[in-house]
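Here is the structure we will look at.
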Amino acid sequence: MSDRHEGGCLCGAVRYETNGTPKWVAHCHCESCRSNTGCPVTTFVGWQRDNFRYTSGTPQRYVSSPGVYRSFCATCGTPLTYGADRCADEVHVYVATYDRPQDFPATAHVHYAERIPWFDTKDSHNRYRTGSTRGEPMSDEEIAELSKNRD
Ligand SMILES: [Zn+2]
Ligand SMILES: [Zn+2]
């Protein structure tokens, strides 16, 4: 498998490429990503910014929270990337915009505490309450407790 991957928006006006190995791939369950994509969960490929570049077109940027930027195609509206001042050297690419999303399997869930209660995936990846994967993942008991509170 080549370490160069291409992707882009639905209409094809904006195209990008990434090179190398991503830092991480994770499902994000936060409300903000949900609103941005219209989907119950969003999967990101996290890159060092140097490994990402646009090859055609220029996306628009929407500031979704202070210091948080989401790029999208101005013609078709496809969300493409997430960036934030707190991790300015990274760019997070929406995995479904890749030509070959199958090459980037997710290995963790973040912001799991914000998930839609009826949405779950059958996998054994760690589930983190917030956006950080550095702390301890949630225990089975915590996950069960969360479902109780949200129902
Ligand atoms: Zn487009
Ligand atoms: Zn999110």
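Here the sequence shown is numbered in the working numbering, starting from 21 and rising by one per residue. Where is the CB? At the ideal position from N, CA and C, for every residue including glycine.
Query	Result
Leu100 and Ala133 closer than 8 Å at C-beta	no
From Glu37, Lys43, Tyr102 and Val61, residue whose alpha carbon lies closest to that of Trp67	Lys43
Close-in-space but distant-in-sequence residues of the same chain around Phe92 (CB under 7 Å, 5 per side omitted)	Pro79, Gln80, Tyr82, Thr98, Pro99 and Leu100
Asn39, enclosing beta strand (DSSP E) - first and last residue	Arg35 to Asn39
Distance cut-off 7 Å: Ala33 Cβ against heavy atoms of ligand 1	yes
Three or more C-beta pairs below 8 Å linking the region 110-118 and the region 27-46	yes
With 16 other Cβ atoms within 10 Å as the buried cut-off, status of Gly103	buried
Buried/exposed call for Ala126, threshold 16 Cβ in 10 Å	buried
Inter-residue Cα distance where the pair is Thr75 and Asp23	16 Å
Close Cβ partners of Asn39 (< 7 Å) along its chain, the five nearest in sequence each way excluded	Asp23, Arg24 and Asn71
Limits of the unbroken alpha helix (DSSP H) element including Glu51	Glu51 to Thr57
Between the CA atoms of Ile163 and Ala128 - distance to the nearest angstrom	14 Å
Beta-carbon gap between Asn56 and Ser84 smaller than 8 Å	yes
Simplified DSSP assignment, three categories, for Glu134	helix
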